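In my numbering, the protein residues as written are 66 to 620. Note that beta-carbon positions come from the ideal geometry of N, C-alpha and C, so glycine has one too. No experiment lies behind these values; they were computed from the predicted model shown. The block underneath contains the structure these notes are about, expressed in structure tokens.
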Amino acid sequence: MAKLFRAFFFKSLFFFWYRFLFRQLRNLVRFHRTISNSFSGATTQFNKYLKFPSLIHRSDLNDHTLIFDVENALLKSSSLFPYFMLVAFEAGGLIRAIVLVLLYPFVCVLGKEMGLKIMVMACFFGIKASSFRVGRSVLPKFFLEDVGAEMFEALKKGGKTVGVTNLPHVMVESFLREYLDIDFVVGRELKVFCGYYVGLMDDTKTMHALELVKEGKGCSDMIGITRFRNIRDHDDFFSHCKEVYVVSEADKRSWQKLARERYPRALIFHDGRLALRPTPKESIAMFMWLPYAIILAVIRISLALSLPFTISTPFLVFSGIRLTTTASSAPTGSHNIKQNKGNVGNLYVCNHRTLLDPLYISFSLQNNLTAVTYSLSRMSEILAPIKTVRLTRKRDEDAEMMKRLLGQGDLVVCPEGTTCREPYLLRFSPLFSEMCDEIVPVAVDTHVSMFHGTTAGGLKCLDPFFFLMNPAPVYTVRLLNHVFTNSQLLSSHTSNLYQEAHNSRFQVANRVQTQIGTALAFECTKLTRKDKYLMLAGNEGIVNSNTKCISKSNS
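This is how it looks when you write it as structure tokens:
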């Protein structure tokens, strides 16, 4: 009886492997032969499948519409986890991000489509649709850093471009349309109930883009671009193409990343706390570091608040903070000695990287400064170890206040009015140019490896805390050559001198901006605080000074 059972068991096991594995292998071999025949041009039916490298050398792409697979042909990395991790952390919070990491093994095991649905459910369930801005303010930076330069150059040659993706439409539309100038974006729509995402996607994609393309160009003018194993993912689009170019894994590995200077539109503003690309390994490392980071940040803040500069600086350096200070060989002498006429302090004008800029300048000079700010959360004002004064945005009142503060000691001001993470300088407000005859420009730069210390849509009171949670944050302070002004002329209100003074104010502001930009190798722009907040947060960044913890304020 036992022998019969054993024979039956092995016989059943053999037929199981034959049915579900050998047949799948046979189908895979058959499909591979079909594609191989298409490459060799053996049959007319499949001769539209070609290898991607031959597309780069074509000179007639301007007469064709290019339909490309976003995640399988445009991006170098094949993993979608980092983008969903950004959505989970930035839009859903820490708990949701931890849940996504815990679900990642199931994402890998259950296959591509089911894994995608799990990540969408974990990241989007319960998120308010009208307030979701991660797709515009956070994701474009990380998408752009993963674009293959060779693929982008091929798309630039096309007449019209259509991006098709299995990702939710809200994740990729801003990146493709605003930064890569893609004409049409076809993604999967998320289902909404009572204004909130339910974490489910529509199974079918809209064919509206394809219909618009057909109105302008015939089907024979369409060229598809996708990966070898994903030819049938978007068959409703690629079946209309005259030719389909197949991208291999070897092609993607050989691609170069698209350089920043080649972006069709410069990436000047972006939001979000995470500075690293949250791959599975990086995400696990971040969560393991988080408890130690909180303790370390508390220790660093306690040292800065309780000890004098001369004592706290060595301890802060020992904790991992890197502060580098350099001074230009200015003929006017030491930067911390009063250079202006009369009993007037030095006016330090710096670019704005984080809320800690005035504090690090004070550490560099070993001198207590007064910082004037356009807006600052009440919590940051309370915790600041140096004196901070809020400006009213009324020109005459602010000018009088700054002159009074200069009479009491040294003053530092950030005329950009808001922070900028990327290597760009926003427009400098010219108010500071009227304060004194001599200005000390200060070029400030930072580097973080894990968390950004600024935000446009998050809690502003946590900005310094996040910056100090980095293992080894770097601050660079460069004191530049003094800029001389005629403060009496610039502050004149007489009718004869007003126009000349008005022009001179902006000339001084532009000269200081240019000097700082040159020192940092940053590009100067005319963008303002309002431009930043309208793009990232959908508001003008006005602060309510009565609240203790501001979520939309000066960052």
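Practice task
Check whether the stretch 180-197 touches the stretch 153-170, counting contact only when three or more Cβ pairs, one atom from each stretch, lie closer than 8 angstroms.
Solution key: yes
Handout entry: Contact between the stretch 407-422 and the stretch 499-514 (3+ Cβ pairs under 8 angstroms)
Key = yes
Exercise for the section: Using a threshold of 8 angstroms, state whether the C-beta atoms of G518 and L421 are closer than that. Expected result: Position 453 of the sequence shown, counted from the start, is the residue given in the question as residue 518. Position 356 of the sequence shown, counted from the start, is the residue given in the question as residue 421. Against a cut-off of 8 angstroms, the Cβ pair of L421 and G518 comes out as a contact.
Handout entry: Residues bridged to I288 [DSSP beta-bridge criterion]
Key = Translated into positions along the sequence shown, residue 288 becomes position 223. Answer is L131 and E308, bridged to I288.
Exercise for the section: Return the CA-CA distance between H547 and I581, expressed in angstroms with no decimal places. Expected result: Counting from one through the sequence shown, the residue named residue 547 turns up at place 482. Counting from one through the sequence shown, the residue named residue 581 turns up at place 516. Rounded to whole angstroms, H547 to I581 spans 11 angstroms at the Cα level.
Exercise for the section: Look at G157 and C188 and say whether their C-beta atoms are less than 8 angstroms apart. Expected result: Position 92 of the sequence shown, counting from 1, holds the residue named residue 157. Position 123 of the sequence shown, counting from 1, holds the residue named residue 188. The answer is yes: Cβ separation under 8 angstroms.
Practice task
Return the CA-CA distance between Q321 and F208, expressed in angstroms with no decimal places.
Solution key: Position 256 of the sequence shown, counted from the start, is the residue given in the question as residue 321. Position 143 of the sequence shown, counted from the start, is the residue given in the question as residue 208. Those two C-alpha atoms are separated by around 14 angstroms.
Practice task
Determine the extent of the beta strand (DSSP E) in which I504 is found, giving its start and end residues.
Solution key: Locating residue 504 in the sequence shown gives position 439, counting from the first residue. It spans E503 to H512 - the beta strand (DSSP E) in which I504 sits, taken as one unbroken run.
Exercise for the section: State yes or no: is the C-beta of M287 within less than 8 angstroms of the C-beta of I121? Expected result: Position 222 of the sequence shown, counted from the start, is the residue given in the question as residue 287. Position 56 of the sequence shown, counted from the start, is the residue given in the question as residue 121. Cβ atoms of M287 and I121: not closer than 8 angstroms.
Exercise for the section: Decide if the stretch 528-536 is in contact with the stretch 432-441; the criterion is three or more beta carbon pairs, one per stretch, under 8 angstroms apart. Expected result: no
Problem - Simplified DSSP state of N137, which is helix, strand or coil - result: Start at 1 with the first residue of the sequence shown, and residue 137 comes out as number 72. Reduced to three states, the DSSP call for N137 is helix.
Handout entry: Inter-residue spacing [alpha-carbon to alpha-carbon] between L490 and V309
Key = Counted from its first residue, the sequence shown places residue 490 at position 425. Counted from its first residue, the sequence shown places residue 309 at position 244. So the alpha carbons of these two residues sit roughly 44 angstroms apart.
Practice task
On a CA-only basis, which of A537, F117, L592 and F549 is nearest S313? Give me that one, please.
Solution key: Looking up residue 313 in the sequence shown gives position 248. Per the Cα distances, F117.
Handout entry: Residues that DSSP places opposite T435 in a beta bridge
Key = Here residue 435 is taken as the residue at index 370 of the sequence shown, counted from 1. K452 and L476, per the DSSP bridge assignment.
Practice task
Go through its chain and collect everything with a Cβ distance to I247's Cβ below 8 angstroms, but skip five positions before and after it.
Solution key: For the purposes of this step, residue 247 is taken as residue 182 along the sequence shown, with counting starting at 1. Once the five neighbours on either side are set aside, the close Cβ partners of I247 are L220, T226, V227, G228 and L241.
Handout entry: Sequence-distant residues of the same chain with beta carbon closer than 7 angstroms to I426, five excluded per side
Key = Within the sequence shown, the letter at position 361 stands for residue 426. Y413, C415, L434, V477, V507 and V542, listed in sequence order.
Practice task
Could you tell me the boundaries of the alpha helix (DSSP H) in which P343 lies?
Solution key: Within the sequence shown, the letter at position 278 stands for residue 343. No alpha helix (DSSP H) holds P343; DSSP gives it neither H nor E.
Handout entry: I163 and F352 closer than 8 angstroms at C-beta
Key = For this step, residue 163 is matched to residue 98 along the sequence shown. For this step, residue 352 is matched to residue 287 along the sequence shown. Yes, they are a contact pair.
Handout entry: Under the three-state DSSP convention, the category E210 falls into
Key = Looking up residue 210 in the sequence shown gives position 145. The answer is coil: DSSP assigns E210 none of H, G, I, E or B.
Practice task
Assuming L204 contacts Y148 (C-beta within less than 8 angstroms), just tell me the rounded distance between them.
Solution key: As a working mapping, residue 204 is identified with position 139 in the sequence shown. As a working mapping, residue 148 is identified with position 83 in the sequence shown. About 6 angstroms separates the two Cβ atoms, so the contact holds.
Problem - For C259, the first and last residue of its enclosing beta strand (DSSP E) - result: As a working mapping, residue 259 is identified with position 194 in the sequence shown. Note, C259: premise wrong, no beta strand (DSSP E); not H, not E.
Exercise for the section: Measure from the alpha carbon of T550 to the alpha carbon of each residue in T291, S569 and S371, then state which is nearest. Expected result: Taking the sequence shown and counting its residues from 1, one reaches residue 550 at position 485. T550 has its Cα closest to that of S569, out of T291, S569 and S371.
Problem - Nearest residue (CA-CA) to E462, options L448, L496, Q572 and K595 - result: Taking the first residue of the sequence shown as position 1, residue 462 is located at position 397. The residue with the shortest Cα to Cα distance from E462 is L496.
Problem - Proximity of R338 and E210 at Cβ, strictly below 8 angstroms - result: As a first step, residue 338 is located in the sequence shown; it is residue number 273 there, counting from the start. As a first step, residue 210 is located in the sequence shown; it is residue number 145 there, counting from the start. The answer is no: Cβ separation not under 8 angstroms.
Problem - Range covered by the beta strand (DSSP E) that runs through T391 - result: As a first step, residue 391 must be located in the sequence shown, where it is residue number 326. Start and end: R387 to A392.
Exercise for the section: May I ask you to report which of helix, strand or coil DSSP gives F334? Expected result: For this step, residue 334 is matched to residue 269 along the sequence shown. Reduced to three states, the DSSP call for F334 is coil.
Problem - Delimiting residues of the beta strand (DSSP E) encompassing F249 - result: For the purposes of this step, residue 249 is identified with residue 184 of the sequence shown, where counting begins at 1. Unbroken beta strand (DSSP E) run through F249: F249 to R253.
Handout entry: Where T109 falls: helix, strand or coil (DSSP)
Key = To locate residue 109, count along the sequence shown from 1; it is residue 44. The pLDDT assigned to T109 is 41, lower than 50, so where the model puts this residue is not dependable; a value taken from the coordinates is nonetheless given after this. The answer is coil: DSSP assigns T109 none of H, G, I, E or B.
Practice task
Count the other CB atoms, across all protein chains shown, that sit within 10 Å of the CB of T397; report buried if there are 16 or more and exposed otherwise.
Solution key: Your numbering for residue 397 matches position 332 in the sequence shown. Confidence at T397 is low in this model, with a pLDDT of 40, below 50, so its placement is unreliable and the value that follows should be read with caution. By the 10 Å Cβ count, T397 comes out exposed.
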